[in-house]
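Structure first, commentary second.
Take a look at the structure:
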């Protein structure tokens, strides 16, 4: 009983060797078995075949080509890219259709007015149009398909921390810093490191904070041009009304 698997494997190997040893059929014999009508010649011409103009229902579809071509030349922040709309359906199913109703600013003049108040004279010309719109676009707007300001916010926080620290190092001290040592040790002094001691008296958090940034954004009208969408539009609208009544 134990030899049966070995014998079956040996017989299978012998059959495979016999099939490999048989002479292969010639190409002519293989071609003779093919029906003459099923053989198709391959054309080597590079010229495209002549096509007839579309008729009937296909001719009407060519009218809608111009709007799609024009939309492709628009920048991404100005419209939702066609390839990001999905294959004819949306996975964002909303039970209440009123949740989709949320108006944002689309006027470039209103956006330029905000940059003039924020950056001063000619502030609307300091940045290109793409950066100006991305800076005020949150990832909740249009599900992030038009771009959003996450990377710009990261760079902005680092630049703000750097410039605030440099401002502390450059500004003069209001009073001399005296650090008492119990063991009467003298710290190391160097001209290049003298400004670092200023961070003991004043921290960057003392000059800038979220409360001050929020106040600045409110004064320049940043909330009026920000493109975003709350998750629950009805609840947010009710919350805003309660704040206005207080």
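Numbering (the UniProt record's numbering), first residue to last: 1 to 246. Don't be surprised by glycine CBs; every beta carbon is placed ideally from N, CA and C.
For residue 134 and residue 128, the rounded distance between their alpha carbons:
10 Å
In whole angstroms, what is the alpha-carbon distance linking residue 141 and residue 172?
45 Å
For a test of the three-state rule: what should DSSP assign to residue 165, helix, strand or coil?
helix
Curious, which full-length alpha helix (DSSP H) runs of at least 4 residues does the UniProt domain "RNase III" (129-229) contain?
129-134, 150-170, 198-201, 204-207, 210-220, 222-225
Quick check on residue 95: does DSSP put it in helix, strand or coil?
coil
In this structure, does DSSP put residue 73 in helix, strand or coil?
helix
Helix, strand or coil for residue 232, going by three-state DSSP, please let me know.
coil
Evaluate contact between the segment 179-186 and the segment 153-171, counting only Cβ atoms and requiring at least three cross-stretch pairs below 8 Å.
no
Residue 226: which of 149, 159, 190 sits nearest, CA to CA?
149
Does the count of Cβ pairs from the segment 95-112 and the segment 192-209 closer than 8 Å reach three?
no
Tell me which residue opens and which closes the alpha helix (DSSP H) that residue 114 is part of.
108-119
Among 84, 100, 165, 224, whose alpha-carbon lies nearest the alpha-carbon of residue 196?
165
Cα-Cα separation between residue 121 and residue 231, rounded to whole angstroms:
37 Å
Of the listed residues 215, 131, 158, 83, nearest to residue 145 (C-alpha basis)
83
Where residue 147 falls, given that 16 or more other Cβ within 10 Å makes a residue buried:
buried
If you run the structure through DSSP and keep just helix, strand and coil, what is residue 126?
coil
Shortest alpha-carbon distance to residue 107 belongs to which of 209, 101, 158, 136?
136
Proximity below 8 Å, CB of residue 115 to CB of residue 132:
yes
Quick check: the Cα distance between residue 208 and residue 157, rounded to an integer number of angstroms?
11 Å
Residues near residue 117 by beta carbon distance below 6 Å, same chain, minus five either side
220
Cβ separation of residue 80 and residue 233, assumed to be a contact under 8 Å, to the nearest whole Å
The pair is not a contact, with the Cβ atoms about 19 Å apart (cut-off 8 Å).
For residue 94, which residues of its own chain have a beta-carbon under 7 Å away from its beta-carbon, when the five flanking residues on both sides are left out?
100
Where does residue 12 fall in DSSP's three states?
helix
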